[in-house]
Structures are given as structure tokens and as C-alpha cells.
Amino acid sequence: MDLGLKDKVIVITGGAQGIGAAITEMVLEEGGIPVVIDPHGSDQSITSDKKGLLIKKKLVNPEDSESAISEVVSELGRIDSIVNNAGINDQVGLEEGNPNAFRSSLEKNLTHCYDLVHFALPYLKKAKGTVVNISSKTAVTGQGKTSGYTASKGGLLALTREWAVELLPYSIRVNAVIPAEVNTPLYQQWLNSFDNPDKRLKEVSSNIPLENRLTKPEEIASTVGFLISDKASHITGQHIFVDGGYTHLDRSL
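So, in C-alpha cells, the structure goes:
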């Protein structure tokens, strides 16, 4: 399907690995211009012909986001979409964490999302653009021992609704995608922390109602592609679960 993304500039945080890399690849396949903001990125993040822009920057403070947006506009002249994907489940809990670590977790997973959209807003308004926030099922279900991450991902869901309302006058649509168990290298690294990774994978997969398998990164990317395209022209303020029914269906099915 042609999503009409040709030559549109799509900014993707954490776009060099996992879900972000799948979103970057989707944009390239659709003829769009991905801007990958990722300190771990390489030219291969954009492809060999370097169609797109790589900004090897960690978004720690507001100045980082401001300079990243300035670089995008200087190089490409426009911004059509922001995909807030960067984040890490850093396992900052309540009992075992501490207030400073909690605040640091919010900076890694939430505050840079606000900063980036704030500085991109003049260009999103001009383009009547879109924002997609990548949240997590942990914001809805809880997980335990990860207060910073879940608070951040819950905050993203709240900001999705808040921004959708505030930006209505500019026809800027804002939505969130909520994954659960996604087959990424980082997820595989988590599985490998167990004595028997294959057994743990089977246990997790058995709790995913649809086909008893992990979600593919490409399935998240396809949903993002739809939401940033004109095919979703009357969808805003929505929380879209792409999780094989993990969050809402009976896991014993």
C-alpha cells in the first residue's frame, strides 16, 4: 500500500535499533526521508545511499532537542512527523530505586519527548503533521520494580490525549502505539539473562493469545506508518495496542 509518505520528513528517536530501526526501514520503503536521532546510529541506519539524516545525539536536556530540530530543518527544510520511540526499561523501582534515579529515568524516557515536539511544533503546524508516541503495556498493566519507565510510558499516554486536544486547531494528529512483548535484540538480551532462555520464551509466548508468539518489530512499524499517513486522516488521541491481545484478552486462551 502506498501510504503517501514520499519525500516526507519523519523524525524517529531511537531509530537505529529494534522497533525504531523497523520504523526507519518502513519510512524508507515508503519513499519517505527518515531522520534517525540515536547516539548508537551508523550510516547503515539510513541505507548505503544515505537517503535521510542521522543525528548521533542523546537527548538529555532541552538544548539537545532544540539543536537536533535546528539541524533537521537546516538540512531538510521541513518536518512532517515526530515518532517518539527512544527509551529504556531501566528498572528503577520504588523500594530498590531512589528519587534521583527516578528523575533520571523520566529524563531518559519522557521529558525529551516533550522537548522534541515543543521545538518541532512550528514546522509540524506548517505541515499539518503528526506525532506518534511509542508507549508500553507496562503503563497499563504494571510490571513491578520499574517505576521510572512505567511512569514515563503512562505519561506519554496522557500527553498523547493532551496534545491531541491542544493541537486540534492546527490539524496535527497525535496518537500512541502500545507494544507488549516485541522480538527485538534488546528483548533477546533480556531472555538470555535467564538460565534457560528458550523455556522463558515459551512461557512468555504462551501468554500471547494471538498465535502464541512475540510481536514483530515490523508489525509495530506498519501501525506507525498508517498513523502518520493520510490514510489515518481522522484518527487522533488514540492508544493503539499492537500486542496480539496480550493486554486485554484472557491469557489462558
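The sequence shown begins at 230 in the working numbering and counts up by one.
All residues carry an ideal CB built from backbone N, CA and C; glycine is no exception.
In the structure shown, Arg402 falls within a strand segment according to DSSP collapsed to helix, strand and coil. Cβ atoms of Ile252 and Val453 come within 8 Å of each other, at about 5 Å. Under the 8 Å Cβ criterion, the stretch 235-251 counts as touching the stretch 306-314, having at least three qualifying pairs.
Rounded to the nearest whole angstrom, the C-alpha separation of Gln418 and Asp231 is 35 Å. A Cβ-Cβ contact shorter than 9 Å links Leu282 with Val265. About 4 Å separates the beta carbons of Gly473 and Ile437, which is inside the 8 Å limit, making them a contact pair.
The alpha carbon of Ala349 has as its nearest neighbour, out of Asp293, Asp424, Arg390, the alpha carbon of Asp293. Comparing alpha-carbon positions, the option among Pro328, Asp427, Asn314 lying closest to Val346 turns out to be Asn314. Below 8 Å, too few C-beta pairs join the stretch 420-430 and the stretch 453-466 to call them touching: fewer than three. Taking a contact to require three or more Cβ pairs closer than 8 Å, the stretch 441-448 and the stretch 331-340 do not qualify as touching. Rounded to the nearest whole angstrom, the CA to CA distance from Gly316 to Leu482 is 31 Å. Between the C-alpha atoms of Ala450 and Glu325 there is a straight-line separation of about 34 Å.
Beta-bridge partners assigned by DSSP to Phe470: Ile407. Looking at Val433, Ser365, Gly358, the one whose alpha-carbon comes closest to that of Ser400 is Gly358. For Gln320, the closest of Ile363, Ala380, Ser434 by C-alpha to C-alpha distance is Ala380. One thing to note: Ala405 has its Cβ within 9 Å of the Cβ of Ser364. DSSP places Val394 within a helical segment (H, G or I) once states are collapsed to three. The beta carbons of Leu385 and Thr465 sit no closer together than 9 Å. Contact between Ile457 and Val361 holds: CB atoms are separated by about 6 Å, below the 8 Å threshold.
Under the three-state reduction of DSSP output, Val346 falls in the helix class. A buried status is given to Gly270, since no fewer than 16 other beta-carbon atoms sit within 10 Å of its beta-carbon. Here the C-alpha atom of Asp424 lies approximately 35 Å from the C-alpha atom of His468.
Within the same chain, Thr379 come within 7 Å of Gln372 by CB-CB distance, once the 5 residues on both sides are set aside. When Glu259, Asn327, Glu254, Gln246 are compared, the shortest CA-CA separation from Pro268 is found for Gln246.
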